[in-house]
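Down below is the structure, laid out as structure tokens.
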Amino acid sequence: MQRGVAKPSGGAINASSQPITANNTNRAPYPMLHLLREASIDRAVAAYPSPEGIIARNIATMEKLGHTGYQALLSED
244 MQRGVAKPSG GAINASSQPI TANNTNRAPY PMLHLLREAS IDRAVAAYPS
294 PEGIIARNIA TMEKLGHTGY QALLSED
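Position 25 of the sequence shown, counted from 1, bears residue number 268 in this note's numbering, the numbering being contiguous throughout.
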């Protein structure tokens, strides 16, 4: 089993020199704990056509949204 902790948006897990919108991919709006079965991760990676591109696509999406768009997503019910 793997576990991952996502820090609230007040702090980045992997701080970088990238714009703050790109860092949103390493943040969670609320504290979260993920418990993941390794077999589930293996199946998901095998089923996804290009898992190595996920991070780049997430960063591109955050940059496209910008700070205002990201905040709008968080405020939706």
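Ideal placement from N, C-alpha and C gives every residue a C-beta, glycine not left out.
Contact annotation: T268 and N301 have beta-carbon atoms nearer than 8 Å. From the listed residues E319, L316, I298, L317, the smallest Cα separation to N266 is found for I298.
The alpha-carbon separation between V288 and T311 amounts to approximately 32 Å. Of the residues assessed, M305 falls on the buried side of the cut-off, its CB having 16 or more other CB atoms within 10 angstroms.
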